[in-house]
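Structure, as structure tokens:
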Amino acid sequence: MNKELPTQSDDLFKSRRALREFCIKNKIACPEFFVSQDFAKISAWAIKHNKFPMAIKAEDGVDEGNSYLLKAFRELPECFDLIKAKAKDNVIVEEFIEGKPKIEVCCLKGNIRLFSQISLEKSIILKHSWRAFPISLPAKIAKEIKEIIDKFKPYCENIEVPARFSFAINRGLPVLISADTAILRPEYNKDWALAANIPPILEENGLYKCDGICKVVYKRNIDFANFNPETLKSVCAPAFILYQKCGKDLIVFLKHADAEILQKASVFAI
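FYI, in our numbering the residues of the sequence shown are 540 to 809.
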């Protein structure tokens, strides 16, 4: 832990540093980390820690904002500069927990609504490549996750948008990686739920259930000039529901009762 850290703020969902401090104070497993504006200090910590891969992120922001995976020390200067070009505040470097699976928990008013499995891009950028839901967890892990989230309840009860917690399951134990609040997720959209014939995620309480398995798949840096929607529908059949363009990214919503069919549909090239 960085001993120079100032007193923790209550803004656990915007400051990665505040979140890590809260975890340490409340004995919640989280990655070992260091925070500074100074490249030399960040570099010194990385050399001393010397366990790659590591994650390097802007101190402020949600999980996918300005976050990178360091597979070797030589990548540190470039990633540090990329972060500082977008954010002038502190940089946080931390151990990268390679636990499988990775779980995202969506909470409404501090109550667990949805368990999703997430997968990260196989690149330097720490962004989701897909999310699958709803999933069931082993009773022991589900209980441990609930105990962790209950410690955040006082901070969640007055939040009008979903709170999301990301965990890596490492050696059978949940390690809290990130927490954020936001409503802009394709699966939260009523039209997407209607198209997939599933209950809206944000309009009911209790643990989310639906028929089949849903999967949100991201494809990055698409050449939309040569994009053919009919080809996409064909290669993703019979699991295809709909798609959405988002900048240079393509978001595809799939659903099927058979996990093998769903997996085959999600492996497509554009």
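Glycine is no exception: its CB is placed at the ideal position from the N, C-alpha and C atoms.
Contacting residues, own chain, Cβ-Cβ under 8 Å from D628 (five flanking each side not counted): Translated into positions along the sequence shown, residue 628 becomes position 89. So the qualifying residues of the chain are Q576, A597, E598 and D599.
In whole angstroms, give me the CA-to-CA distance for K748 and T720. Reading the sequence shown from its first residue, position 209 is the one you call residue 748. Reading the sequence shown from its first residue, position 181 is the one you call residue 720. Rounded to the nearest angstrom, the two C-alpha atoms are 22 Å apart.
State the beta-bridge partners of Q656 as determined by DSSP. The residue given as residue 656 occupies position 117 in the sequence shown. Paired residue(s): I642 and A671.
In angstroms, rounded to a whole number, what distance separates the CA positions of A796 and I680? As a first step, residue 796 must be located in the sequence shown, where it is residue number 257. As a first step, residue 680 must be located in the sequence shown, where it is residue number 141. For A796 and I680, the distance between alpha carbons rounds to 24 Å.
Go through its chain and collect everything with a Cβ distance to A707's Cβ below 6 Å, but skip five positions before and after it. Counting from 1 along the sequence shown, the entry for residue 707 is found at position 168. Taken in chain order, the residues that qualify are I636, G638, K641, V714 and I716.
Exposure label - I752; buried when at least 16 CB within 10 Å: Position 213 of the sequence shown holds residue 752. When all chains shown are included, I752 counts as buried.
Look at the Cβ atom of Y694, then the Cβ atom of G649, and state whether they are nearer than 9 Å. Counting from one through the sequence shown, the residue named residue 694 turns up at place 155. Counting from one through the sequence shown, the residue named residue 649 turns up at place 110. Yes. Within cutoff.
Could you name the residues of the same chain whose beta carbon sits closer than 7 Å to that of L801, not counting the 5 residues immediately before and after it, in chain order? To locate residue 801, count along the sequence shown from 1; it is residue 262. Taken in chain order, the residues that qualify are I752, K754, A778, L793 and H795.
Where the alpha helix (DSSP H) through Y747 begins and ends: Position 208 of the sequence shown, counted from the start, is the residue given in the question as residue 747. Careful: Y747 lies outside any alpha helix (DSSP H) and carries neither H nor E.
Considering only the beta carbon of each residue, do Y782 and V774 sit closer than 9 Å? Stepping through the sequence shown from its first residue, residue 782 is reached at position 243. Stepping through the sequence shown from its first residue, residue 774 is reached at position 235. Result no, Cβ atoms of Y782 and V774 do not sit closer than 9 Å.
With a threshold of 8 Å, are at least 3 pairs of Cβ atoms found where one atom belongs to the region 604-619 and the other to the region 661-671? yes
Using C-beta distances below 6 Å, list every residue in its chain close to R759, excluding the 5 sequence neighbours before and after it, in chain order. Taking the first residue of the sequence shown as position 1, residue 759 is located at position 220. Result list for R759: D788, in chain order.
Taking 8 Å as the limit between beta carbons, can you name the residues of its chain near E571, skipping five residues before and five after? Position 32 of the sequence shown holds residue 571. Here the set comprises M540, H588, E633 and E634.
Based on the DSSP secondary-structure assignment, which residues constitute the bridge partners of S575? Taking the first residue of the sequence shown as 1, we reach residue 575 at position 36. Note: S575 sits in a beta bridge opposite V630.
Can you tell me the Cα-Cα spacing of N767 and I761, whole angstroms? Counted from its first residue, the sequence shown places residue 767 at position 228. Counted from its first residue, the sequence shown places residue 761 at position 222. The alpha-carbon atoms of N767 and I761 are separated by roughly 11 Å.
Within the region 734-768, ranges of the beta strand (DSSP E) (whole runs, at least 3 residues): 752-758
In its own chain, which residues sit with a C-beta less than 6 Å from the C-beta of Y727, not counting the 5 before and 5 after it? Residue mapping note: residue 727 aligns to position 188 of the sequence shown, counting from 1. I740 and L741.
Buried/exposed call for E769, threshold 16 Cβ in 10 Å: Within the sequence shown, residue 769 is the residue found at index 230, counting from 1. By the 10 Å Cβ count, E769 comes out exposed.
Run the CB neighbour count on K542, radius 10 Å, all protein chains shown included, and call it buried at 16 or more, exposed below. Position 3 of the sequence shown, counted from the first residue, corresponds to residue 542. Note that K542 scores a pLDDT of 41, beneath 50, so its modelled location is shaky; the value from the coordinates is reported in the next line. Result: exposed.
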